Amino acid sequence: MSSVQNPHSELVGSLYRDHRSWLLAWLRRNVACPQRAEDLSQDTFVRLLGRPQLQAPREPRAFLAAIAKGLLFDYFRRAALEQAYLNELMLIPEAEQPSPEEQQLILEDLKAIDRLLGKLSSKSRAAFLYSRLDGLTHADIAERLGVSVPRVRQYLAQGIRQCYIALYGEPT
Numbered sequence: 001m002s003s004v005q006n007p008h009s010e011l012v013g014s015l016y017r018d019h020r021s022w023l024l025a026w027l028r029r030n031v032a033c034p035q036r037a038e039d040l041s042q043d044t045f046v047r048l049l050g051r052p053q054l055q056a057p058r059e060p061r062a063f064l065a066a067i068a069k070g071l072l073f074d075y076f077r078r079a080a081l082e083q084a085y086l087n088e089l090m091l092i093p094e095a096e097q098p099s100p101e102e103q104q105l106i107l108e109d110l111k112a113i114d115r116l117l118g119k120l121s122s123k124s125r126a127a128f129l130y131s132r133l134d135g136l137t138h139a140d141i142a143e144r145l146g147v148s149v150p151r152v153r154q155y156l157a158q159g160i161r162q163c164y165i166a167l168y169g170e171p172t
């Protein structure tokens with residue numbers, strides 16, 4: 001029985017064999033939880049397998065570290081998001097707090113929204129956050145970003161679309 005292989009799976013396999021231990025040690029120095037470091041290590045190589053184009057890097061460790069840094073950044077950003085949510089939750093009277101199940105669902109939705117907003121351009125994401133979190137007007141956002149008001153509206157539409165996708169899936 002033949003298996004379909006990724007065109008660059010041999011390269012990824014070689015990087016994995018030669019540098020996984022080093023990458024894992026590097027991640028363990030940056031993350032307190034050994035299991036999280038293991039997950040991030042695996043995610044680094046999964047990310048490589050998902051690339052349509054991959055050439056042998058001149059500096060494999062620097063290459064792997066750059067990918068892992070991006071994953072670390074995402075991990076810490078999501079952890080900060082979760083902590084911010086939990087801090088806000090503590091301000092709500094206990095009788096009005098959502099159930100633990102509802103809290104978990106809310107956290108999952110927040111993480112999905114965060115992940116999809118991360119796919120936006122930096123200006124689009126900034127416009128969306130200025131509008132939704134800071135309550136700025138379209139004109140104020142346009143001034144801050146150095147763009148036109150119609151462009152701000154486009155950015156906001158992109159952000160709203162990503163939130164919709166996070167909560168309800170791709171529109172049909």
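Position one of the sequence shown corresponds to residue 1 (full-length UniProt numbering), numbered consecutively onward.
Idealized CB from N, CA, C, for every residue including glycine.
For clarity, every value in this text was computed on a predicted model and none was experimentally measured.
For this session: Could you name each continuous beta strand (DSSP E) segment of 3 residues or more that falls completely within the segment 124-166, going from the start of the chain to the end?
Result: none
For this session: Less than 8 Å between the CB atoms is what I'm expecting for Ala-25 and Thr-44, so what's the real figure, rounded?
Result: Their Cβ separation, rounded to whole angstroms, is 13 Å, which puts Ala-25 and Thr-44 out of contact at 8 Å.
Exercise. Hey, Ala-127 and Tyr-155: beta-carbon distance below 9 Å or not?
Worked result: yes
Exercise. Could you give the distance in angstroms between the alpha-carbon of Arg-61 and the alpha-carbon of Arg-20?
Worked result: 9 Å
Exercise. Okay, do the segment 140-151 and the segment 84-96 touch, 3+ Cβ pairs below 8 Å being the bar?
Worked result: no
For this session: Consult DSSP for His-19 and reduce its assignment to one of helix, strand or coil.
Result: helix
Exercise. Can you check whether the CB of Val-12 is closer than 9 Å to the CB of Leu-71?
Worked result: no
Exercise. Using CA coordinates, which residue listed in Gln-97, Trp-22, Glu-96 is at the minimum distance from Phe-63?
Worked result: Trp-22
For this session: Identify whether Met-1 lies in helix, strand or coil by the three-state DSSP scheme.
Result: Residue placement at Met-1 is poorly supported in this model, since its pLDDT is 44, which falls under 50; the coordinates still yield a value, given next. Three-state DSSP puts Met-1 in coil, outside helix and strand.
Exercise. Among Ser-121, Gln-103, Asp-114, Gln-53, which one has its Cα closest to the Cα of Tyr-75?
Worked result: Asp-114
For this session: Reducing DSSP to helix, strand and coil, say where Val-35 ends up.
Result: Sequence check: residue 35 is Gln here, not Val. It is helical.
Exercise. Contact between the segment 122-137 and the segment 95-110: three or more CB pairs below 8 Å?
Worked result: no
Exercise. Under a Cβ-count criterion, where at least 16 other Cβ atoms within 10 Å of its own Cβ denotes burial, should Val-31 be classed as buried or exposed?
Worked result: buried
For this session: Since I believe Ala-37 is in contact with Arg-51 (beta carbons under 8 Å), could you give me their beta-carbon distance rounded to a whole number of angstroms?
Result: At roughly 22 Å, the Cβ-Cβ gap does not stay under 8 Å, so Arg-51 and Ala-37 are not in contact.
Problem set entry | Tyr-168 burial status per 10 Å Cβ neighbour count (16 or more: buried) | exposed
Exercise. Using CA coordinates, which residue listed in Ala-80, Cys-33, Gln-42, Glu-96 is at the minimum distance from Arg-17?
Worked result: Gln-42
For this session: Along the alpha helix (DSSP H) that carries Gly-50, what are the first and last residues, could you check?
Result: From DSSP, Gly-50 is part of no alpha helix (DSSP H); its letter is neither H nor E.
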